[in-house]
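What follows is a set of notes on a single structure, which appears directly below.
Protein chains in written order, with UniProt numbering: chain A, 1 to 266; chain B, 1 to 376.
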């Protein structure tokens with residue numbers, strides 16, 4: 001291994017400082033005794049306690065988790081189906097258009113996606129609430145799932161499915177007992193990705209949310225407009241903690257899956 | 001092959017019902033004709049090889065038996081039943097895939113049991129059948145391993161056991177030994193033959209390796225461009241090919257082109273150069289007097305001598321090249337008209353005692369029945 005030069009050390013430090021100092025400040029101030037965000041008055045965990053008393057935040061968190069769970073599950077089912085068709089059907093009329101249309105939402109500005117969904121819900125006179133946010137999130141995150149799953153499907157040995165048919169499987173049985181277990185890591189990481197995107201989303205949720213269905217990002221955003229409270233800092237610290245754990249778990253599992261796949265294809 | 005008490009040749013008995021029959025089968029992919037009007041019968045307990053270069057249609061023919069492709073025209077029957085419209089999972093046919101296609105998430109035992117769980121076999125009998133298959137391929141110790149934890153040769157045997165577990169009427173093998181190294185491949189060929197004999201299953205194997213086909217098969221179909229060029233036993237394919245293509249595809253061969261001057265029953269004479277005696281050989285398929293023809297002879301049937309021998313066919317030439325293969329040597333001899341004839345002899349003496357060397361003038365000779373005259 002090459003030795004670190006002083007230039008490398010400096011640029012590494014600056015880079016990480018740029019990325020993490022804002023979050024670090026947020027975490028430090030979440031333990032601040034004072035109600036004033038900018039004045040340090042000693043260590044305390046009282047804002048975490050207050051947060052647990054705050055019904056509005058807890059409700060918003062619960063809505064967010066519900067929306068994330070249902071929307072990513074719908075997105076995973078639809079995205080996997082789309083990936084399956086894209087990779088398996090070979091050439092058919094309009095294939096390029098079809099695949100392009102699946103990937104287009106990846107680059108579509110969120111404001112436009114949100115607005116168009118809002119117009120759709122209004123014209124169908126659907127009452128906006130948890131249900132509409134779930135639909136909206138499933139719509140934009142299914143393309144991420146299909147990208148992740150189709151890249152796995154592309155390297156999938158099709159004779160495995162033929163072998164399943166040969167041994168007496170029907171189409172669904174072959175998918176359930178051979179294809180799905182093999183592509184499961186990709187499906188799971190697609191689900192996690194969709195879940196994260198849903199937790200994260202402010203713009204589309206703001207368009208499609210109703211009065212009774214405030215998600216956590218909407219709640220945070222609207223309370224910050226009234227001034228940053230230490231409670232928000234505490235909440236954000238908890239979210240950062242959860243995300244960090246999630247990222248570490250996800251990268252360990254995907255690394256293991258990769259190693260196993262390399263062994264299997266020897 | 002272990003010598004059977006009665007010679008196994010159901011194809012010569014008109015009373016035997018074939019297990020598989022292709023009647024006028026054609027398969028097209030768009031404009032491309034992969035299989036062109038094939039008629040073929042395969043009999044129970046046969047070890048039948050489909051042999052040909054890549055793209056000749058042999059894999060397509062096999063996949064039609066497996067139910068992975070539908071014939072465009074014609075009928076395929078297996079055990080008297082028309083196979084049109086019957087999908088792979090409804091056929092008493094199993095296939096061993098070229099890549100083995102073992103399920104990576106299942107153990108060796110679960111791979112073998114996979115088909116049994118989808119058959120009418122009662123659950124209580126499945127374990128017994130799996131053990132029986134593991135014994136057959138000698139993998140009892142590896143039952144709990146995953147496919148990536150065993151060697152390539154062992155994976156090949158798991159694939160075989162899995163395909164045989166449901167006791168199919170017909171087993172299809174797609175280049176089954178292609179991924180193994182040469183030594184292991186030769187051992188496995190004999191193992192395959194043993195297993196085929198023990199289970200009494202009809203095997204159809206696809207291969208591009210002619211030695212493999214010669215070793216394992218009861219009959220070989222040589223294919224080219226979607227056509228069956230010749231269907232016969234390995235010895236007849238080798239000794240009496242019906243076309244120059246088959247002669248050239250199987251093994252090493254000398255080809256001399258000329259004109260069939262006299263065709264007299266089994267004996268034909270081929271005029272091939274000015275001022276030399278015509279070659280005397282066997283009459284091959286469809287040779288007519290006065291038509292262009294080729295004389296085809298295997299290098300090991302050509303003798304090489306320094307002095308003029310007593311023989312019905314003999315030519316003089318000069319040694320151009322000697323290929324030393326250890327157990328045998330191939331001499332490339334150039335005749336006065338520029339034609340090169342290969343002669344192969346066993347090295348039953350040490351190389352230092354060889355009396356023929358480069359640039360020597362030698363006599364090549366062969367008997368009247370050693371070679372065959374074929375229509376071009």
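Backbone N, C-alpha and C define an ideal beta-carbon position, used for all residues, glycine too.
### Query
Is there at least one Cβ from chain B nearer than 8 Å to residue 168 of chain A's Cβ?
Counting from 1 along the first chain, the entry for residue 168 of chain A is found at position 168. Answer yes: the Cβ-Cβ gap between residue 168 of chain A and chain B drops below 8 Å somewhere.
### Cut-off 6 Å between Cβ atoms - residues of its own chain near residue 177 of chain B, not counting five sequence neighbours on either side
Residue numbering aside, residue 177 of chain B sits at position 177 when the second chain is read from its first letter. So the qualifying residues of the chain are 185 and 188.
### Query
Which chain A residues are close to residue 208 of chain B, counting only those with a beta carbon under 9 Å from its beta carbon?
Locating residue 208 of chain B in the second chain gives position 208, where the first residue counts as 1. Under the 9 Å cutoff, chain A gives no residues; its nearest Cβ is about 18 Å from residue 208 of chain B.
### Task
Label residue 14 of chain A either buried or exposed according to how many other C-beta atoms from any shown protein chain fall within 10 Å of its C-beta, with 16 as the threshold for buried.
Within the first chain, the letter at position 14 stands for residue 14 of chain A. Exposed.
### Message
Less than 6 Å between C-beta atoms, sequence neighbours within five positions excluded: which residues of the same chain meet that for residue 59 of chain B?
### Response
Here residue 59 of chain B refers to the residue found at position 59 when the second chain is read from its first residue. Contacts found: 206.
### Task
Quick one: residues in its chain with C-beta nearer than 8 Å to the C-beta of residue 129 of chain A, no 5 flanking neighbours on either side, listed in chain order?
As a first step, residue 129 of chain A must be located in the first chain, where it is residue number 129. So the qualifying residues of the chain are 209, 210, 212 and 213.
### Task
Would you mind telling me which residues of chain B sit closer than 9 Å to residue 160 of chain A, beta carbon to beta carbon, in chain order?
On the first chain, residue 160 of chain A is found 160 positions in, with the first residue counted as 1. Going along chain B in sequence order, the residues near residue 160 of chain A (Cβ under 9 Å) are 97, 99, 101, 102, 103 and 104.
### Message
Residues of chain B with CB closer than 7 Å to the CB of residue 181 of chain A, please, in chain order.
### Response
Within the first chain, the letter at position 181 stands for residue 181 of chain A. Here the neighbours are 105.
### Task
Kindly identify the DSSP beta-bridge partner or partners of residue 280 of chain B.
Along the second chain, one-based indexing puts residue 280 of chain B at 280. Paired residues: B/269.
### Query
Could you check where the beta strand (DSSP E) with residue 92 of chain A kicks off and where it finishes?
Here residue 92 of chain A refers to the residue found at position 92 of the first chain. Element bounds for residue 92 of chain A: n/a, residue is neither H nor E.
### Query
Can you list, in chain order, the residues of its chain whose CB lies under 8 Å from that of residue 56 of chain B, leaving out five sequence neighbours each side?
To locate residue 56 of chain B, count along the second chain from 1; it is residue 56. So the qualifying residues of the chain are 223, 224, 225 and 226.
### Query
With a Cβ-Cβ cutoff of 8 Å, do residue 251 of chain B and residue 295 of chain B count as a contact?
Position 251 of the second chain, counting from 1, holds the residue named residue 251 of chain B. Position 295 of the second chain, counting from 1, holds the residue named residue 295 of chain B. Against a cut-off of 8 Å, the Cβ pair of residue 295 of chain B and residue 251 of chain B comes out as no contact.
### Task
Classify residue 8 of chain A as helix, strand or coil using the three-state DSSP reduction.
Here residue 8 of chain A is taken as the residue at index 8 of the first chain, counted from 1. Correct three-state label for residue 8 of chain A: helix.
### Message
Closer than 9 Å between beta carbons: that is the criterion. Which residues of the region 175-203 of chain A meet it against chain B?
### Response
177, 178, 181, 182 and 184
#### Entry: Through-space distance from residue 217 of chain B to residue 49 of chain B, alpha-carbon basis
Counted from its first residue, the second chain places residue 49 of chain B at position 49. Counted from its first residue, the second chain places residue 217 of chain B at position 217. Distance between the alpha carbons of residue 49 of chain B and residue 217 of chain B: 6 Å.
### Query
For residue 37 of chain B, which residues of its own chain have a beta-carbon under 6 Å away from its beta-carbon, when the five flanking residues on both sides are left out?
In the second chain, counting from the first residue as 1, residue 37 of chain B sits at position 37. Same-chain partners within the cutoff: 24 and 26.
### Message
Can you tell me where the beta strand (DSSP E) holding residue 328 of chain B begins and where it ends?
### Response
Mapped onto the second chain, residue 328 of chain B falls at position 328. Its beta strand (DSSP E) spans residues 328-334.
### Task
Closer than 7 Å by C-beta to residue 145 of chain B: which residues in its own chain qualify, once you throw out the five before and the five after it? Chain order, please.
For this step, residue 145 of chain B is matched to residue 145 along the second chain. Cβ neighbours of residue 145 of chain B beyond the five flanking positions: 107 and 108.
### Task
Could you tell me whether the Cβ atoms of residue 202 of chain A and residue 175 of chain A are closer together than 8 Å?
Your numbering for residue 202 of chain A matches position 202 in the first chain. Your numbering for residue 175 of chain A matches position 175 in the first chain. No, Cβ-Cβ distance for residue 202 of chain A and residue 175 of chain A is not below 8 Å.
### Task
In angstroms with no decimal places, state the Cα-to-Cα distance between residue 260 of chain A and residue 96 of chain B.
Start at 1 with the first residue of the first chain, and residue 260 of chain A comes out as number 260. Start at 1 with the first residue of the second chain, and residue 96 of chain B comes out as number 96. Their backbone Cα atoms lie some 24 Å apart in a straight line.
### Query
Is residue 53 of chain A close to chain B, meaning its C-beta is less than 8 Å from at least one C-beta of that chain?
Residue mapping note: residue 53 of chain A aligns to position 53 of the first chain, counting from 1. Judged by the 8 Å Cβ criterion, residue 53 of chain A is not in contact with chain B.
### Query
Cβ of residue 240 of chain B within 8 Å of Cβ of residue 219 of chain B?
If you number the second chain from 1, residue 240 of chain B lands on position 240. If you number the second chain from 1, residue 219 of chain B lands on position 219. Their beta carbons are not under 8 Å apart, which means residue 240 of chain B does not touch residue 219 of chain B by this criterion.
#### Entry: Straight-line Cα distance separating residue 159 of chain A from residue 291 of chain B
Your numbering for residue 291 of chain B matches position 291 in the second chain. Your numbering for residue 159 of chain A matches position 159 in the first chain. Approximately 49 Å, taken between the alpha carbons.
### Task
Have a look at residue 216 of chain A and residue 236 of chain A and give me their C-alpha separation to the nearest angstrom.
As a working mapping, residue 216 of chain A is identified with position 216 in the first chain. As a working mapping, residue 236 of chain A is identified with position 236 in the first chain. Computed Cα separation, rounded: 10 Å.
### Query
When you compare only the Cα positions, how much space is there between residue 113 of chain B and residue 162 of chain A?
Along the second chain, read from residue 1 onward, the residue named residue 113 of chain B stands at position 113. Along the first chain, read from residue 1 onward, the residue named residue 162 of chain A stands at position 162. Spanning the two alpha carbons is a distance of roughly 16 Å.
### Query
Do we get a CB-CB distance below 8 Å when we pair residue 59 of chain A with the residues of chain B?
Counting from 1 along the first chain, the entry for residue 59 of chain A is found at position 59. No, residue 59 of chain A does not count as interfacial toward chain B.
### Query
What is the rounded straight-line gap between the Cα of residue 12 of chain B and the Cα of residue 373 of chain B?
Taking the second chain and counting its residues from 1, one reaches residue 12 of chain B at position 12. Taking the second chain and counting its residues from 1, one reaches residue 373 of chain B at position 373. Straight-line Cα distance between these residues: approximately 25 Å.
### Counted within 10 angstroms of its Cβ, other Cβ atoms place residue 282 of chain B as buried (16 or more) or exposed
In the second chain, the residue the question calls residue 282 of chain B occupies position 282. Its Cβ being crowded by 16 or more others within 10 Å, residue 282 of chain B is buried.
### Task
Note down, one range per segment and in chain order, each beta strand (DSSP E) of at least 3 residues found wholly within the region 171-218 of chain B.
202-207
### Query
Under 8 Å between C-beta atoms, does residue 54 of chain B make it to chain C?
Of the chains in the structure shown, none is chain C; the protein chains are A and B.
### Query
Considering only residues of the region 72-131 of chain A, which uninterrupted alpha helix (DSSP H) runs meet the minimum length of 4 residues and lie entirely inside it, listed in chain order?
Counting only runs of 4 or more, we get 95-103 and 110-123.
#### Entry: Closest Cα partner of residue 101 of chain B within the set B/320, B/147 and B/375
Here residue 101 of chain B refers to the residue found at position 101 when the second chain is read from its first residue. For residue 101 of chain B, the closest of B/320, B/147 and B/375 by C-alpha to C-alpha distance is B/147.
### Task
Give the C-beta separation of residue 43 of chain B and residue 14 of chain B to the nearest angstrom, bearing in mind that I take them to be a contact with Cβ-Cβ under 8 Å.
The residue you call residue 43 of chain B lines up with position 43 of the second chain. The residue you call residue 14 of chain B lines up with position 14 of the second chain. Not confirmed; about 12 Å, so no contact.
#### Entry: residue 138 of chain A at chain B interface by Cβ criterion, 8 Å
Taking the first chain and counting its residues from 1, the one referred to as residue 138 of chain A is at position 138. No, residue 138 of chain A lies away from the interface with chain B (no Cβ there is under 8 Å from its Cβ).
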